[in-house]
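**Q**
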Amino acid sequence: MGLARELHPSRLLQLEVSMSAVSDVEFLRLLKKDIDYYERAVERFEDLIPRVCASVQDQWRLQAQARRNFALELEILLEKAQACVDAPGAPGRKEKPSEIASC
Numbered sequence: 141m142g143l144a145r146e147l148h149p150s151r152l153l154q155l156e157v158s159m160s161a162v163s164d165v166e167f168l169r170l171l172k173k174d175i176d177y178y179e180r181a182v183e184r185f186e187d188l189i190p191r192v193c194a195s196v197q198d199q200w201r202l203q204a205q206a207r208r209n210f211a212l213e214l215e216i217l218l219e220k221a222q223a224c225v226d227a228p229g230a231p232g233r234k235e236k237p238s239e240i241a242s243c
């Protein structure tokens, strides 16, 4: 009886929801960390551009712009992911009957 109780579908669903919520939090944490990394990389490139020879400056400007664009894309992804995690019906979140999930 003990094993059957441990493997009951309602207990498995509870574990799945808890793990999903943890995964969401970890994903958002890593995404924020990546955004910070790329924003710092842009700052480093921009700080160093005047210090390198003219023939390299254009390439470094392109690299800075590429990293800036990627950081912006990550920020958009973060906003969408945060909205899905915070949405009604998201795993680990109690849904009110009047709420409808948007993700």
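All residue numbers for the sequence shown refer to this note's numbering, where the first residue is 141 and numbers rise by one.
Built from N, CA and C at the ideal position, the CB exists for glycine as well.
#1: Quick one: Cα of A221 to Cα of I175, how far?
#2: L168 and L218 look like a contact to me (Cβ under 8 Å); what is the Cβ gap, rounded to whole Å?
#3: Identify whether C224 lies in helix, strand or coil by the three-state DSSP scheme.
#4: When DSSP labels each residue in this structure, what does V196 get in the three-state scheme?
#5: Should D187 go down as buried or exposed, given a rule of 16 or more other Cβ atoms within 10 Å for buried?
#6: Under 7 Å: does the beta carbon of Q197 sit that close to some heavy atom of the ligand FAD?
#7: Can you find the residues in the same chain that come closer than 6 Å, C-beta to C-beta, to R207, ignoring five residues on each side of it along the sequence?
#8: Between A144 and the rest of its own chain, which residues show a CB-CB distance below 8 Å, the 5 nearest in sequence each way excluded?
**A** From the atom records:
#1: 14 Å
#2: 7 Å
#3: helix
#4: helix
#5: exposed
#6: Within the structure as shown, the ligand FAD is missing, as the structure has no ligands at all.
#7: Y178, A181, V182
#8: Low confidence applies here, because A144 scores a pLDDT of 46, under 50, leaving its location unreliable and the question unanswered by this model.
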